[in-house]
Amino acid sequence: MNIYLQTLNRDLRIALRNPSSVLNPLLFFIISVSLFPLAISPEAATLSQIAAGIIWVASMLSVLLSLNALFHHDYENGVLEQMVTSHHSLPLLILSKITAHWLLTGIPIILLSPLLGLFLFLDDEGIKVLMITLLLATPSLSLIGSIGASLIVGIKNSGMLLSLLILPLYIPILIFASSAVSQAQFGLAIDGQLYFLAMFLVLSLMSAPFVSAIALKISLE
Amino acid sequence: MSSLNIHNLSCQRGYNQLFDSLSFQVHAGDILRITGTNGSGKTSLLKILAGVSAGEQGKVVWDQHPVKSENYQQEVFYLGHQAALSGELSSLENLEYLSALNKTTDQHQLIQALNDIGLKGYEDEYCTNLSAGQKRRVILAALFVSKAKIWLLDEPFTALDPIGVKIVESRITQHCDNGGLCLFTTHQDSALANQKILAL
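From first to last, the protein sequence lines stand for chains Z and S. For what it's worth, the working numbering labels the leading residue of the first sequence as 1, then goes sequentially. For what it's worth, the working numbering labels the leading residue of the second sequence as 1001, then goes sequentially.
In structure tokens, the structure reads:
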């Protein structure tokens, strides 16, 4: 457990000393959401209908943008080799890196989402559910993303490949999360969607660190 | 006496068979220098012994513990081609993490290790500002504080000045005198006494 916290601490420290790696995906998130009213319509009725979808697509793409760096630097500088040869459990070390990734991308997205929701005329109930879905599903995005990131770690210019690998796995989250927000806006029950997102989180938490560990070992061969 | 047993190991990279049916034994206290031309499989052999990659076939065992088992891995320190440092962290922070990955050592020992390797005054310097030789010294400091018995060193003298090479050689001798063992590769002349040679 100690090594989990030490890895987390190390990753957070590296990210905070190189803030552009954290800020770039966030800026992308804010900019892409703010362009929609300009392109579609500034009307409240139109925007509030599509707000959840816009915020969810933008957050998914910004997570995707940040995933390339998850293992890349450690692969390049040889720290990953040290992780593999250490006697600590590799899935635990990976889980720690995923946690750092979520704290640096998922949490800022969740915190920014009410502001962007207001910007797109999302009502109070919609904003509340949007935040709940983001809280439930952004960890899944980081977890599933780690599988893709570990598969492409040794490949150069692999951004497109990562999207092809990961986006299909993100689609169920996108569908259930945005439908939860739009149903909440109409006052309908959203238990089913939230249970699905929670189930997805548990499933990815249980499998992603192990699958990523296997993929990383293959990449290091 | 503890020994590292390599039995019938084969390794292929692409279409090239690097080595086939390689068997040897390294006892505690041995220094084994692996020699061979470029591309002969020295790094691949060390990576297999370190548990980074797997050979096509064969067994690697340390005291009944097979490679990749927890008991085996905690006895191994692998020093690869790369410095294994993050430029955003200081020498001491990097060393703290590298030693945590092996077996935790207290901060006092780590600072002492940096002093011993000639990095006194560089503890808080970001690694991005260090020279190649100084970066190499940081991971060598991690090697020297580790409690691992099996040292697998891939070109440990790269980028080091003559004084650095002497320090490393004396630490290797000291480690093996204390019951450790060391397998290393180098293209430089090595003055290590009692080294055995394995030619690939």
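In this text, a Cβ means the ideal position worked out from N, Cα and C, and glycines have one as well.
Item to check | For residue 138 of chain Z, the nearest candidate out of Z/124, Z/178 and Z/187 (CA to CA) | outcome: As a working note, residue 138 of chain Z is residue 138 in the first sequence. With distances taken between Cα atoms, residue 138 of chain Z lies closest to Z/178.
Checklist entry - From residue 1172 of chain S to residue 1182 of chain S, what distance separates their C-alpha atoms? => result The sequence position of residue 1172 of chain S within the second sequence is 172, counting from 1. The sequence position of residue 1182 of chain S within the second sequence is 182, counting from 1. Their backbone Cα atoms lie some 7 Å apart in a straight line.
Next on the checklist: Output needed for residue 135 of chain Z: all residues of its chain with C-beta closer than 8 Å, excluding positions within five of it in sequence on either side, in chain order.
Outcome noted: The count along the first sequence starts at 1 and reaches residue 135 of chain Z at position 135. So the list reads 110, once near-sequence residues are dropped.
Checklist entry - Can you tell which of S/1030, S/1001 and S/1119 has its C-alpha closest to the C-alpha of residue 1152 of chain S? => result Taking the second sequence and counting its residues from 1, one reaches residue 1152 of chain S at position 152. Taking only the C-alpha atoms, the option nearest residue 1152 of chain S is S/1030.
Checklist entry - Taking all protein chains shown into account, do 16 or more other C-beta atoms lie within 10 angstroms of the C-beta of residue 71 of chain Z, making it buried, or fewer, making it exposed? => result In the first sequence, counting from the first residue as 1, residue 71 of chain Z sits at position 71. Buried is the call here.
Next on the checklist: Quick check on residue 1170 of chain S: buried or exposed, where buried means 16 or more other Cβ atoms within 10 Å of its Cβ?
Outcome noted: Looking up residue 1170 of chain S in the second sequence gives position 170. Result: exposed.
Checklist entry - Thinking C-alpha only, which one of Z/220, Z/189 and Z/21 is nearest residue 104 of chain Z? => result In the first sequence, counting from the first residue as 1, residue 104 of chain Z sits at position 104. With distances taken between Cα atoms, residue 104 of chain Z lies closest to Z/21.
Checklist entry - Quick one: Cα of residue 31 of chain Z to Cα of residue 90 of chain Z, how far? => result By one-based count along the first sequence, residue 31 of chain Z stands at place 31. By one-based count along the first sequence, residue 90 of chain Z stands at place 90. Each residue's Cα considered, the two are about 36 Å apart.
Checklist entry - Distance, Cα to Cα, residue 44 of chain Z vs residue 50 of chain Z? => result Against the first sequence, residue 44 of chain Z aligns to sequence position 44. Against the first sequence, residue 50 of chain Z aligns to sequence position 50. Whole-angstrom Cα-Cα distance: 10 Å.
Checklist entry - Are there 16 or more other CB atoms within 10 angstroms of the CB of residue 19 of chain Z, so buried, or fewer, so exposed? => result Within the first sequence, residue 19 of chain Z is the residue found at index 19, counting from 1. With fewer than 16 Cβ atoms within 10 Å of its Cβ, residue 19 of chain Z is classed as exposed.
Checklist entry - Leaving out five residues before and five after residue 1041 of chain S in sequence, what residues of the same chain have Cβ atoms less than 8 Å from its Cβ? => result Here residue 1041 of chain S is taken as the residue at index 41 of the second sequence, counted from 1. Annotation for residue 1041 of chain S: 1011, 1013, 1018, 1019 and 1200 place their beta carbon closer than 8 Å to its own, counting only its chain and skipping 5 residues before and after.
Checklist entry - Does DSSP put residue 1058 of chain S in a helix, a strand or coil? => result Here residue 1058 of chain S is taken as the residue at index 58 of the second sequence, counted from 1. In this structure, residue 1058 of chain S counts as strand in the three-state DSSP scheme.
Item to check | Ranges of the beta strand (DSSP E) found wholly within the region 1107-1181 of chain S, counting only runs of at least 3 | outcome: You should have 1150-1154.
Checklist entry - Using 8 Å as the limit for Cβ to Cβ distance, is residue 1102 of chain S near chain Z? => result Within the second sequence, residue 1102 of chain S is the residue found at index 102, counting from 1. So, interface residue.
Checklist entry - From what residue to what residue does the alpha helix (DSSP H) around residue 109 of chain Z run? => result Translated into positions along the first sequence, residue 109 of chain Z becomes position 109. Run containing residue 109 of chain Z: 107-119, per the alpha helix (DSSP H) assignment.
Next on the checklist: With a threshold of 8 Å, are at least 3 pairs of Cβ atoms found where one atom belongs to the region 1089-1109 of chain S and the other to the region 1121-1136 of chain S?
Outcome noted: A contact exists between the region 1089-1109 of chain S and the region 1121-1136 of chain S.
Item to check | Interface residues of chain S facing residue 199 of chain Z [CB-CB closer than 9 Å] | outcome: Locating residue 199 of chain Z in the first sequence gives position 199, counting from the first residue. Neighbours of residue 199 of chain Z on chain S: none; closest Cβ ~32 Å, over 9 Å.
Checklist entry - What are the residues that DSSP puts in a beta bridge with residue 1016 of chain S? => result Along the second sequence, one-based indexing puts residue 1016 of chain S at 16. The partner list for residue 1016 of chain S (beta bridge, DSSP) reads S/1013.
Checklist entry - So, is residue 117 of chain Z buried or exposed, given that buried needs 16 or more other C-beta atoms within 10 angstroms? => result Counted from its first residue, the first sequence places residue 117 of chain Z at position 117. When all chains shown are included, residue 117 of chain Z counts as buried.
Checklist entry - Between the region 78-98 of chain Z and chain C, which residues of the former have CB atoms less than 7 Å from a CB of the latter, in chain order? => result No chain C is part of this structure, whose protein chains are labelled Z and S.
Checklist entry - chain Z beta carbons: is any one of them nearer than 8 Å to that of residue 1002 of chain S? => result Taking the first residue of the second sequence as position 1, residue 1002 of chain S is located at position 2. It does not; no Cβ of chain Z falls within 8 Å.
Checklist entry - DSSP state of residue 212 of chain Z, grouped into three classes? => result Stepping through the first sequence from its first residue, residue 212 of chain Z is reached at position 212. The answer is helix: DSSP assigns residue 212 of chain Z an H, G or I state.
Checklist entry - Would you say residue 1045 of chain S reaches chain Z, if we count a Cβ-Cβ gap shorter than 8 Å as a contact? => result The sequence position of residue 1045 of chain S within the second sequence is 45, counting from 1. No, residue 1045 of chain S does not count as interfacial toward chain Z.
Checklist entry - In the structure shown, what three-state DSSP assignment does residue 1035 of chain S receive? => result Numbered from 1 along the second sequence, position 35 holds the residue referred to as residue 1035 of chain S. Three-state DSSP puts residue 1035 of chain S in a strand.
Item to check | the region 138-149 of chain Z / the region 163-173 of chain Z touching (three or more Cβ pairs under 8 Å) | outcome: With the cut-off at 8 Å, the region 138-149 of chain Z and the region 163-173 of chain Z touch.
Checklist entry - What do you reckon, are the CB atoms on residue 127 of chain Z and residue 213 of chain Z nearer than 8 Å? => result Taking the first sequence and counting its residues from 1, one reaches residue 127 of chain Z at position 127. Taking the first sequence and counting its residues from 1, one reaches residue 213 of chain Z at position 213. Their beta carbons are not under 8 Å apart, which means residue 127 of chain Z does not touch residue 213 of chain Z by this criterion.
Checklist entry - Out of Z/39, Z/46, Z/12 and Z/129, which has the shortest C-alpha to C-alpha gap to residue 184 of chain Z? => result Position 184 of the first sequence, counted from the start, is the residue given in the question as residue 184 of chain Z. The candidate whose alpha carbon is nearest that of residue 184 of chain Z is Z/129.
Checklist entry - Can a CB atom of chain S be found closer than 8 Å to the CB of residue 216 of chain Z? => result Counting from 1 along the first sequence, the entry for residue 216 of chain Z is found at position 216. Closer than 8 Å: no.
Checklist entry - Between residue 18 of chain Z and chain S, is there a C-beta pair that is closer than 8 Å? => result The count along the first sequence starts at 1 and reaches residue 18 of chain Z at position 18. A Cβ of chain S is located within less than 8 Å of the beta carbon of residue 18 of chain Z.
Checklist entry - DSSP state of residue 46 of chain Z, grouped into three classes? => result Looking up residue 46 of chain Z in the first sequence gives position 46. If DSSP states are grouped into helix, strand and coil, residue 46 of chain Z belongs with the helices.
Item to check | Extent of the continuous beta strand (DSSP E) to which residue 122 of chain Z belongs | outcome: The residue given as residue 122 of chain Z occupies position 122 in the first sequence. Run containing residue 122 of chain Z: none; DSSP gives neither H nor E here.
Item to check | Beta-carbon proximity check, residue 1101 of chain S vs residue 1117 of chain S, cutoff 8 Å | outcome: The residue labelled residue 1101 of chain S in the question sits at position 101 within the second sequence. The residue labelled residue 1117 of chain S in the question sits at position 117 within the second sequence. Going by C-beta atoms, residue 1101 of chain S is not nearer than 8 Å to residue 1117 of chain S.
Next on the checklist: Assuming contact is defined by CB atoms lying nearer than 8 Å, are residue 80 of chain Z and residue 25 of chain Z in contact in what I supplied?
Outcome noted: To locate residue 80 of chain Z, count along the first sequence from 1; it is residue 80. To locate residue 25 of chain Z, count along the first sequence from 1; it is residue 25. Between residue 80 of chain Z and residue 25 of chain Z, the CB-CB gap reaches or exceeds 8 Å.
Checklist entry - Would you say residue 155 of chain Z faces chain S, with C-beta separation under 8 Å as the test? => result The residue you call residue 155 of chain Z lines up with position 155 of the first sequence. With 8 Å as the cut-off, residue 155 of chain Z does not count as an interface residue toward chain S.
Checklist entry - Between the region 1139-1164 of chain S and chain Z, which residues of the former have a C-beta closer than 7 Å to a C-beta of the latter? => result The region 1139-1164 of chain S vs chain Z, Cβ under 7 Å: nothing.
Checklist entry - With respect to the alpha helix (DSSP H) encompassing residue 186 of chain Z, which residues constitute its N-terminal and C-terminal limits? => result Position 186 of the first sequence holds residue 186 of chain Z. Run containing residue 186 of chain Z: none; DSSP gives neither H nor E here.
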